[in-house]
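With this note's numbering as the guide, the letters of the sequence shown map in order to residues 4 to 255.
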Amino acid sequence: MIRQLKIPILSLLITSCFSGQERLTLRENQGNRERLDVSPRPFSMLDTIERYSRFDTLLDYGSNRVFAGGINEIQFGIIGGSDTTTNLYQISGTAISIDTLNTPFLDTQLLDVNLDGNLDLVIRTFISGSGGNSEVEVFLFDVDNKKFVYNSNFSLPNIKVDGKARMLFSAWWSAGGRPHTKKAFRVSGDSLIFLGSATYYPEEDEVVFFEEIDGLEVETITIRGEKSWKLFNRSFWDTSNDLEDVQSIVTQ
4 MIRQLKIPIL
14 SLLITSCFSG
24 QERLTLRENQ
34 GNRERLDVSP
44 RPFSMLDTIE
54 RYSRFDTLLD
64 YGSNRVFAGG
74 INEIQFGIIG
84 GSDTTTNLYQ
94 ISGTAISIDT
104 LNTPFLDTQL
114 LDVNLDGNLD
124 LVIRTFISGS
134 GGNSEVEVFL
144 FDVDNKKFVY
154 NSNFSLPNIK
164 VDGKARMLFS
174 AWWSAGGRPH
184 TKKAFRVSGD
194 SLIFLGSATY
204 YPEEDEVVFF
214 EEIDGLEVET
224 ITIRGEKSWK
234 LFNRSFWDTS
244 NDLEDVQSIV
254 TQ
């Protein structure tokens, strides 16, 4: 569930700025991102965004994780609370908006998810399942309003984007003999068109393919036997090397 709040930047400055913000100290460097520790004292989210948004900085503040970044003429900050909520701050001109996610915050990346030539905001919220499923919440960049806007259509696990084919892929990896699923979509503006899916059932050693017919996901082909796992991995896009843990589960 997403809650959104828009307030003037001046009032937020009055209510959120604390005196004596602790100086940040460098802990480690992760690629082009700085990872910093913040002493557990009150701090200003806006000041943190102002200082670090140009550098795509990931920070630790006590038990909270904070990210400051900037793209598309927007400064933004993400803070994950210990109560498994996440706030996304966006500053554009003299106004600020705040979106609240009822999920934890792990990390984020900028990716052109809907293939419109603008980078979108992908917030990773969970790592789950045997294969380390990456669950995300996606905010598409709204060119007219200069703002990232939440889009549930693209908020799918383990997403991959094929720009040349204008396709988006999603997968879900399970444990304990439960099925694994892959889905393929055509990107159409801010929406996705379902093209098909494949589900592998380890206990039956079979892969089942589905297509959308008259608005329903209908089973079309079932293949059983020793080649079914390999066929599943090569369906839509190659996932042969994506999940070694699942491969070991399947072949046991």
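Think of the CB as a built atom: it goes at the ideal place given N, C-alpha and C, for glycine as much as any other residue.
Leaving aside the five residues before and after residue i along the sequence, list all residues of the same chain whose C-beta is less than 8 Å from its C-beta, in chain order.
i      : result
GLU229 : ASP208
SER194 : ASN156
GLY192 : ASN117 and ASP119
THR225 : GLU209, VAL210, VAL211 and PHE212
Closer than 6 Å by C-beta to residue i: which residues in its own chain qualify, once you throw out the five before and the five after it? Chain order, please.
i      : result
PHE235 : ALA201, TYR203 and VAL210
THR242 : ASN236
GLN78  : ILE52, SER56 and ILE94
Taking 8 Å as the CB-CB cut-off, is residue i touching chain C?
i      : result
GLU140 : Of the protein chains in the structure, only one exists, and it is not chain C.
Determine whether the beta carbon atoms of residue i and residue j lie at a separation below 8 Å.
i      : j      : result
SER107 : THR128 : Per the sequence presented here, residue 107 reads as Pro, with Ser not at that position. The answer is yes: Cβ separation under 8 Å.
ILE52  : ILE94  : yes
ARG57  : GLY73  : yes
TYR55  : ASP102 : no
VAL146 : ASN105 : no
PHE188 : GLU215 : no
Among the options, which has the Cα closest to the Cα of residue i?
i      : options                           : result
GLY180 : GLY65, GLY84 and PRO205           : PRO205
ALA71  : ALA98, ASP50 and ILE99            : ASP50
LYS150 : SER173, PHE172, LEU124 and ALA168 : LEU124
ASN148 : THR87, ARG227, ASP217 and GLY96   : GLY96
Which residues in the same chain as residue i place their Cβ atom closer than 7 Å to its Cβ, once the five residues preceding and following it in sequence are excluded?
i      : result
GLU222 : VAL211 and PHE213
PHE144 : ASN75, ASN121, LEU122, ASP123 and PHE151
Count the other CB atoms within 10 Å of the CB of residue i; is the residue buried (16 or more) or exposed (fewer)?
i      : result
GLY1   : Nothing can be reported for residue 1: it is not among the residues displayed for the chain, which extend from 4 to 255.
ASN244 : exposed
SER231 : buried
PHE239 : buried
ILE126 : buried
GLY34  : Caution applies to GLY34, whose pLDDT of 40 falls short of 50 and renders its modelled position unreliable; the value that the coordinates give is listed next. Exposed, by the Cβ-count rule.
THR89  : buried
LEU171 : buried
ALA174 : buried
ASN178 : The residue asked about is misnamed: residue 178 is Ala in this sequence, not Asn. By the 10 Å Cβ count, ALA178 comes out exposed.
ARG227 : exposed
Cβ contact check for the segment 133-150 and the segment 111-123: 3 or more pairs under 8 Å: yes
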